[in-house]
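Using full-length UniProt numbering, read the sequence shown as starting at 1 and increasing by one per residue.
For glycine and all other residues, C-beta sits at the position ideal for the given N, C-alpha and C.
Written out below as structure tokens is the structure these notes cover.
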Amino acid sequence: MIEILTSAELDRARVTGALVGDILQTLKARTTVGTDLLDIDRWARELIADAGAQSCYVDYAPSFGRGPFGHHVCTSVNDGVLHGLPHRYRLADGDLLTLDIAVLQDGIAADSAISFVVGDTRPPGSVALIEATERALAAGIAAAGPGVRLGDVSHAIGTVLTAAGYPVNTEFGGHGIGSTMHQDPHVPNTGRPGRGYRLRPGLLLALEPWVMADTDELVTDDDGWTLRSATGCRTAHSEHTVAITEDGVEVLTLPSA
1 MIEILTSAEL DRARVTGALV GDILQTLKAR TTVGTDLLDI DRWARELIAD AGAQSCYVDY
61 APSFGRGPFG HHVCTSVNDG VLHGLPHRYR LADGDLLTLD IAVLQDGIAA DSAISFVVGD
121 TRPPGSVALI EATERALAAG IAAAGPGVRL GDVSHAIGTV LTAAGYPVNT EFGGHGIGST
181 MHQDPHVPNT GRPGRGYRLR PGLLLALEPW VMADTDELVT DDDGWTLRSA TGCRTAHSEH
241 TVAITEDGVE VLTLPSA
């Protein structure tokens, strides 16, 4: 299903998006060396509840996971890149952490992810990985707009990632979003320009470039959820929910302050 939001629904999406952006920044600010992943999940649960919103992940049970997910935020560490299931683990100096959160408020969902290095140590290549996904996300956003083909957005993202020297996996990518977290259309992180669905005002997309340093192959943990690089290399992931408007594109998941 491809859902097109009304102007009133888009106003509600702006509120949800700002909430998601604020929660992610709060979680990042609280996370230090020694922070337990389960504490991050607890903080996310409390922040979502305090806002009168609902997590999109607690009851999430897609065909590819061992559901339901049962937690409020994805916490992927180092070689973990997607759907990291929170567990008892205290973060070490230099760990590369990805936080991915999706929230439903007033009937509209928003989804965003950030990657960052914990502590003061900067292991080789980690910052470059993160920055590549951030640049790719910015390129995808810049390419989007009314009348643009979806392939143009995917091509913009993939061009940045491949130019930085990273293989691109197309099993998982961005997606439509609205009254539910995951909708059509699928947004691969590489593609052919001029092809695919033509973007329309009122469409929400979660754009999410992610990469692994030296492979495009994923493996799944025994928990049935956490996806890791097959070689054990480090990974990074950046994501924003954006709205296609009459005039262009609007990023909804920026923090409010």
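Let me check one thing: in DSSP terms, what residues is residue i bridge-paired to?
{"i": "Arg-90", "result": "Asp-36"}
{"i": "Asp-100", "result": "Cys-74, Ala-113"}
{"i": "Ile-4", "result": "Leu-203"}
{"i": "Trp-210", "result": "His-237"}
{"i": "Arg-42", "result": "DSSP lists no partner for Arg-42."}
{"i": "residue 259", "result": "Given a span of 1 to 257 for the chain in the structure shown, any question on residue 259 remains unanswerable."}
{"i": "Leu-227", "result": "Leu-82, Thr-220"}
Please state whether DSSP places residue i in a helix, a strand or coil.
{"i": "Ser-179", "result": "coil"}
{"i": "Thr-133", "result": "helix"}
{"i": "Ala-243", "result": "strand"}
{"i": "Gly-21", "result": "helix"}
{"i": "Glu-9", "result": "helix"}
{"i": "Arg-14", "result": "helix"}
{"i": "Asp-152", "result": "helix"}
{"i": "residue 258", "result": "With the chain represented from 1 up to 257, any question about residue 258 goes unanswered, as that position is not in the structure."}
{"i": "Val-160", "result": "helix"}
{"i": "Gly-147", "result": "coil"}
{"i": "Val-127", "result": "helix"}
{"i": "Gly-140", "result": "helix"}
Could you tell me whether the Cβ atoms of residue i and residue j are closer together than 8 Å?
{"i": "Val-168", "j": "Leu-161", "result": "yes"}
{"i": "Leu-96", "j": "Gly-34", "result": "no"}
{"i": "Ala-109", "j": "Met-1", "result": "no"}
{"i": "Ala-230", "j": "Thr-215", "result": "yes"}
{"i": "Gly-173", "j": "His-186", "result": "yes"}
{"i": "Thr-190", "j": "Ile-141", "result": "no"}
{"i": "Gly-67", "j": "Val-58", "result": "no"}
{"i": "Gly-119", "j": "Leu-5", "result": "no"}
{"i": "Asp-184", "j": "Gly-176", "result": "yes"}
{"i": "Ile-40", "j": "Thr-32", "result": "no"}
{"i": "Ala-113", "j": "Asp-100", "result": "yes"}
{"i": "Glu-239", "j": "Asp-111", "result": "yes"}
{"i": "Leu-129", "j": "Ala-213", "result": "yes"}
Write down the C-beta distance between residue i and residue j rounded to the nearest angstrom, noting that I regard them as a contact closer than 8 Å.
{"i": "His-83", "j": "Trp-225", "result": "5 Å"}
{"i": "Gly-107", "j": "Arg-149", "result": "Going by Cβ atoms, the distance from Gly-107 to Arg-149 rounds to 29 Å, so no, they are not a contact pair."}
{"i": "His-237", "j": "Ser-55", "result": "Their Cβ separation, rounded to whole angstroms, is 18 Å, which puts His-237 and Ser-55 out of contact at 8 Å."}
{"i": "residue 258", "j": "Thr-98", "result": "Look at the range of the chain in this structure, 1 to 257, and you will see that residue 258 is not part of it."}
{"i": "Arg-234", "j": "Ser-126", "result": "6 Å"}
Just to check, is the beta-carbon of residue i closer than 7 Å to a non-hydrogen atom of the ligand MG?
{"i": "Thr-231", "result": "Only the bare structure without any ligand can be found here, which leaves the ligand MG out of the picture."}
Give a yes or no on contact between the segment 207–225 and the segment 6–26, applying the rule of three or more CB pairs nearer than 8 Å. no
Stretch pair the segment 3–15 + the segment 71–83: three plus CB contacts closer than 8 Å: no
Counting pairs of Cβ atoms below 8 Å between the segment 237–255 and the segment 191–201, do you hit three or more? yes
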